[in-house]
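Shown next, in structure tokens, is the structure this report addresses.
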Amino acid sequence: MKGLLLGGSLFSPAVVLAKKKKEEIWIPAYEKLENEGKLGKRVEQAYALFEKCQLCPRMCGVNRQKGERGFCRAPLRPVVFSHNPHFGEEMSVVGQNGSGTIFFSNCNLRCIFCQNWPIAHEGRGREIRDEDLADIMIHLQKLGCHNINLVTPTHVMPNILSATRIALKKGLRVPLFYNTSGYERVEILKILDGIVDIYKPDIKYMDSDKAEKYSAGASDYPEVVKKAVIEMNRQVGVHQMDRQGIALRGVMIRHLVMPNRVAGTEKLVRWMAEHLPRNTYINIMAQYRVEYRAYEHPEIARGITVEEFMEAVDWARKYGLTNLDPQTKALWNFYHQRRSG
Ligand code: SF4
1387 MKGLLLGGSL FSPAVVLAKK KKEEIWIPAY EKLENEGKLG KRVEQAYALF
1437 EKCQLCPRMC GVNRQKGERG FCRAPLRPVV FSHNPHFGEE MSVVGQNGSG
1487 TIFFSNCNLR CIFCQNWPIA HEGRGREIRD EDLADIMIHL QKLGCHNINL
1537 VTPTHVMPNI LSATRIALKK GLRVPLFYNT SGYERVEILK ILDGIVDIYK
1587 PDIKYMDSDK AEKYSAGASD YPEVVKKAVI EMNRQVGVHQ MDRQGIALRG
1637 VMIRHLVMPN RVAGTEKLVR WMAEHLPRNT YINIMAQYRV EYRAYEHPEI
1687 ARGITVEEFM EAVDWARKYG LTNLDPQTKA LWNFYHQRRS G
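Position in the sequence shown (first residue = 1) + 1386 = the working numbering.
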């Protein structure tokens, strides 16, 4: 694993040597915590939460240790739908060998337009032990994946921590990448402080009525996600890469533009500009599809227009966000040239 991208090339030999040493000693966050003797306690702390589950803002209070299930319908053990190198993520997490993606079944948000509804809503997948999850992590690392990409991790966070510790003892060395809907409690995120290297919150809306309508009554989503992202930024800061352009650390925000301004994009980018560093990474995506039960709601029962995507990116620039995802920029440029031509 290489060091952080520091920029500049006119270094003295001593500085080059110091940088080389820094590269050699880069270690993932969870390994540092284990070396400090703290990772085991975090696993215990997380597992205790299963007795009266308050892992997410739904705060069901069910005893998952005894087999009770809450809103997410998740059992005690993690249910995994698939695990493989994935090339459909941002360039800095995909690299040449892919992102080591583990799709967890079930979900605590359950959006009505979910593109993974057989996994998230129906819970399709295979129940496994934490030891098996650790072996999956090691397998993905052996395939050359640049990170362990945990998709929809919130309701299985204790299992993930336990598996990470087991995998660390088997040689896990790649960044842990928390790929979440953003519907996260700050108190729970604090348990992940010093364990997760990369956070990717998928910020869905800025209006509580939209969140309530399209994400199973989660009217507190906008307030929750804002607090969560501020905590994520406090823990890992802005997106950082190695010399090969591979993500090592930081917050990467993802935002899906929805038809009829349902996602509240302008409010989001303005909030980001006011509350986060201006160089916070944001991927503004155009690939909204009418999935699952979205067709029942005329407001979201179509794809987005070119104009809706262009205005979203224009807002991000207008409010001074400087770190747009390369694919967002390329798509904007493509449509801009077609318009100009
Ligand atoms: S993780 Fe599941 S059971 Fe726990 S509070 Fe959230 S929705 Fe409820």
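Virtual Cβ for every residue (Gly too), placed ideally from N, Cα, C. Quick caveat, the model's predicted, so the values are computed rather than measured.
query: Going straight from the alpha carbon of L1717 to that of N1421, what length do you get?; result: 44 Å
query: Does the region 1534-1546 touch the region 1565-1582, meaning 3 or more C-beta pairs lie closer than 8 Å?; result: yes
query: Where does Q1626 fall in DSSP's three states?; result: strand
query: So, at 6 Å on beta carbons, what are the nonlocal neighbours of L1392 in its own chain, with the 5 sequence-adjacent residues on each side left out?; result: The predicted model places L1392 with a pLDDT of 28, which falls under 50 and marks its position as unreliable, so this point remains unresolved.
query: Say whether the region 1562-1572 touches the region 1460-1470, bearing in mind that this needs 3 or more beta-carbon pairs closer than 8 Å, one atom from each stretch.; result: no
query: Considering just the uninterrupted stretch of the alpha helix (DSSP H) at V1480, what are its terminal residues?; result: M1477 to V1480
query: If we count the other Cβ atoms within 10 Å of its Cβ and call it buried at 16 or more, is T1708 buried or exposed?; result: exposed
query: Please report the straight-line C-alpha distance between P1663 and Y1585, rounded to a whole angstrom.; result: 15 Å
query: Alpha carbons only, please: which of R1688, S1491 and Y1433 is nearest the one belonging to K1452?; result: Y1433
query: Is the beta carbon of H1541 sitting closer than 8 Å to the one on V1479?; result: no
query: Taking the Cβ atom as the reference point for each residue, do L1558 and M1523 lie within a distance shorter than 8 Å?; result: yes
query: Which one or two residues does DSSP pair with V1537 in a beta bridge?; result: F1489 and N1565
query: Does the region 1612-1627 come close enough to the region 1586-1596 that 3 or more CB-CB pairs lie under 8 Å?; result: yes
query: Quick one: using the 10 Å Cβ neighbour count with 16 as the cut-off for buried, is E1752 buried or exposed?; result: Limits of the chain in this structure are 1387 at one end and 1727 at the other, which puts residue 1752 out of reach.
query: Can you tell me the Cα-Cα spacing of K1596 and S1605, whole angstroms?; result: 8 Å
query: The ligand SF4 and Q1440: does any heavy atom of the ligand fall closer than 7 Å to the residue's C-beta?; result: yes
query: Are there 16 or more other CB atoms within 10 angstroms of the CB of F1720, so buried, or fewer, so exposed?; result: exposed
query: Does the region 1640-1653 come close enough to the region 1695-1703 that 3 or more CB-CB pairs lie under 8 Å?; result: yes
query: Got a sec: does the ligand SF4 put a non-hydrogen atom nearer than 7 Å to the Cβ of A1460?; result: yes
query: Could you give the residue range of the beta strand (DSSP E) that holds Y1667?; result: Y1667 to M1671
query: Taking only heavy atoms of the ligand SF4 into account, decide whether any of them is closer than 7 Å to the Cβ of R1463.; result: no
query: Please report the straight-line C-alpha distance between Q1482 and Q1527, rounded to a whole angstrom.; result: 13 Å
query: Comparing the CB of R1512 with every heavy atom of the ligand SF4, is any distance shorter than 7 Å?; result: no
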